[in-house]
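Q: Numbering (my numbering), first residue to last: 12 to 149.
What follows is a structure written as structure tokens; I'll ask about it next.
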Amino acid sequence: MVPHIEDHVGPHMVRNISKLTANTVALVLAGGRGSRLKALTDWRAKPAVPFGGKFRIIDFPMSNCINSGIRRISVITQYKSHSLQRHLQRGWSFMSGQFGEFVEVLPAQQRMGEGWYVGTADAVYQNLDIIRHYDPEY
Numbered sequence: 012m013v014p015h016i017e018d019h020v021g022p023h024m025v026r027n028i029s030k031l032t033a034n035t036v037a038l039v040l041a042g043g044r045g046s047r048l049k050a051l052t053d054w055r056a057k058p059a060v061p062f063g064g065k066f067r068i069i070d071f072p073m074s075n076c077i078n079s080g081i082r083r084i085s086v087i088t089q090y091k092s093h094s095l096q097r098h099l100q101r102g103w104s105f106m107s108g109q110f111g112e113f114v115e116v117l118p119a120q121q122r123m124g125e126g127w128y129v130g131t132a133d134a135v136y137q138n139l140d141i142i143r144h145y146d147p148e149y
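So, in structure tokens, the structure goes:
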């Protein structure tokens with residue numbers, strides 16, 4: 012099981028921030044419908060499906076980012092994202108804004124036309140303005 016970072020947050024936590032990771036913005040694509048998961052995704056997005064008790068599928072890429080020292084994370088959502096957004100707000104809101112750290116949820120907003128995202132490349136393309144706003148080097 013992947014350890015949840017909130018279990019380890021405290022004054023004793025070592026900040027693993029390098030110049031490389033400080034200039035990086037991670038983009039986590041979490042808008043999946045998960046149609047092959049059938050009943051598990053009737054009421055939630057695939058990344059919000061519970062895994063191993065208190066964890067959700069989204070916790071794997073999130074903890075990978077944190078454990079790699081990446082603390083500027085944008086999460087693109089789309090399909091039935093309410094429970095996913097709630098989980099991210101409750102479990103991943105420990106970032107420190109004073110250090111420029113964040114977990115930002117980017118719900119689909121139909122920025123270009125009336126349709127939703129058409130694949131992963133389109134999701135990234137429709138959020139380029141937000142990515143550019145942070146001026147990441149990586």
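C-beta: ideal position from N, C-alpha, C; glycine also.
Anyone know if the C-beta pair for Ser92 and Pro118 falls short of 7 angstroms?
A: Counting from 1 along the sequence shown, the entry for residue 92 is found at position 81. Counting from 1 along the sequence shown, the entry for residue 118 is found at position 107. Yes, the Cβ-Cβ distance between Ser92 and Pro118 is below 7 angstroms.
Q: Is it the case that the stretch 133-145 contacts the stretch 60-76, given that we only count it when at least three CB pairs across the two stretches are under 8 angstroms?
A: Flag = no, the stretch 60-76 and the stretch 133-145 do not touch.
Q: Going by alpha carbons, who is nearest to Val86 out of Asn78, Gln96, Gly80?
A: Numbered from 1 along the sequence shown, position 75 holds the residue referred to as residue 86. Of the listed residues, the one whose Cα sits closest to Val86 is Gln96.
Q: Take Ser46 as the anchor and find which of Ala134, Lys57, Ala37 has the nearest alpha-carbon.
A: Along the sequence shown, read from residue 1 onward, the residue named residue 46 stands at position 35. Checked all of Ala134, Lys57, Ala37; the closest Cα to Ser46 is Lys57.
Q: Provide the residue span of the alpha helix (DSSP H) that contains Thr35, from first to last.
A: The residue you call residue 35 lines up with position 24 of the sequence shown. First-last for Thr35: undefined, no H or E at that position.
Q: Where does Ala50 land, buried or exposed, given buried means 16+ other C-beta within 10 angstroms?
A: On the sequence shown, position 39 is the one that residue 50 refers to. Label assigned to Ala50: exposed.
Q: By DSSP, does Pro147 sit in helix, in strand, or in coil?
A: Counting from one through the sequence shown, the residue named residue 147 turns up at place 136. Correct three-state label for Pro147: coil.
Q: With a cut-off of 8 angstroms on the beta carbons, I'd call Gly42 and Gln89 a contact; round off their distance for me.
A: Along the sequence shown, read from residue 1 onward, the residue named residue 42 stands at position 31. Along the sequence shown, read from residue 1 onward, the residue named residue 89 stands at position 78. Sure, about 3 angstroms apart at Cβ, within 8 angstroms.
Q: Which residues in the same chain have their Cβ closer than 8 angstroms to the Cβ of Ile68, if we skip the five residues on either side of it in sequence?
A: In the sequence shown, the residue the question calls residue 68 occupies position 57. So the list reads Lys57, Pro58, Ala59, Val60, Phe62, once near-sequence residues are dropped.
Q: At which residues does the beta strand (DSSP E) containing Arg83 begin and terminate?
A: Sequence index remark: in the sequence shown, residue 83 carries index 72 (1-based). Per DSSP, Arg83 belongs to the beta strand (DSSP E) from 83-88.
Q: Distance check for Val114 and Cys76, CA to CA, integer angstroms please.
A: Working through the sequence shown from its first residue, we reach residue 76 at position 65. Working through the sequence shown from its first residue, we reach residue 114 at position 103. Approximately 11 angstroms, taken between the alpha carbons.
Q: Does DSSP put Val60 in a helix, a strand or coil?
A: The count along the sequence shown starts at 1 and reaches residue 60 at position 49. Val60 falls in the coil class under three-state DSSP.
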